[in-house]
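Engineer: The structure under discussion is supplied below as structure tokens; questions concerning it will follow.
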Amino acid sequence: MTPEREERLSFVLNKRQNDLTVVLENVFDPHNISAVMRTCDAVGIQEIYVLNNRIPRHKKWGRQSSSSAAKWLTIHQFSDIEECFKAIRKKYNKIFATHLSSSSVDLYDIDFTEKVALVFGNEHSGVSEEVLPLVDGNFIIPQVGIIRSLNISVACAVTVYEAFRQKNKAGHYNQRKLNEAESQILWNEWSLKNRE
């Protein structure tokens with residue numbers, strides 16, 4: 148590994164956030180998932196959760212849209228809703244879903260300095276009725292157009308960049324969030340992947 152590459156990997160590792168994640172529920176298009184992965188990598192999200200209980204498990208992601216971001220992320224795939232949310236609850240204090248309802252809050256009212264998981268539903272029907280009771284609240288992205296929804300990857304990008312803004316302002320990117328053991332595991336994995 149070149150010194151420049153080592154420096155880059157070290158910089159990225161030091162910016163990784165262990166208190167923000169994205170959950171994708173039954174998202175059909177692997178290119179949408181890959182676009183989400185690319186955005187997650189860009190804002191320092193290390194792990195994402197992919198729940199496929201209504202569609203087959205994804206075997207690969209769209210390489211072009213992810214620019215190979217998947218190989219730098221920790222991806223947890225689940226086919227059981229309860230198992231998935233049990234795993235999420237172990238690490239994150241709040242779970243919010245993108246869902247239009249009378250109780251939905253504005254994206255900009257969420258406190259992203261907490262440990263937060265964000266659930267995005269599939270391209271056709273959004274977050275399912277099975278998942279909604281498992282979240283702490285719903286949020287919407289403010290819009291003034293006739294069409295009241297965004298593409299899944301765009302909605303995710305808008306949301307996690309608001310999280311990035313809040314976390315950056317609060318100094319979250321000025322301190323290493325991963326503990327020594329987590330950092331070492333990722334460093335070892337990334338060093339191997341850097342040779343691929």
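Counted the way our numbering counts, the sequence shown spans residues 148 to 343.
Backbone N, C-alpha and C define an ideal beta-carbon position, used for all residues, glycine too.
1) What separation, rounded to the nearest whole angstrom, lies between the Cα atoms of Ser-300 and Val-183?
2) With DSSP run on the structure shown, which of helix, strand or coil describes Gln-164?
3) Taking the alpha-carbon positions, what's the Gln-313 to Asp-256 distance?
4) Taking the CB atoms as reference points, tell me whether Phe-225 and Leu-254 lie closer together than 8 Å.
5) Taking 8 Å as the cut-off, decide whether the C-beta atoms of Glu-309 and Phe-259 are in contact.
6) Between Tyr-239 and the rest of its own chain, which residues show a CB-CB distance below 7 Å, the 5 nearest in sequence each way excluded?
7) Looking only at its chain, what residues have a beta carbon closer than 6 Å to the beta carbon of Met-148, apart from the 5 residues adjacent to it on each side?
8) Please name the residue in Ser-248, Leu-247, Ser-249, Phe-232 whose C-alpha comes closest to that of Lys-241.
9) What residue does the beta strand (DSSP E) around Lys-241 start on, and which one ends it?
Structural biologist: On the basis of the data shown:
1) 5 Å
2) strand
3) 11 Å
4) no
5) yes
6) Thr-168, Lys-262, Val-263, Ala-264
7) Asn-341
8) Phe-232
9) 241–245
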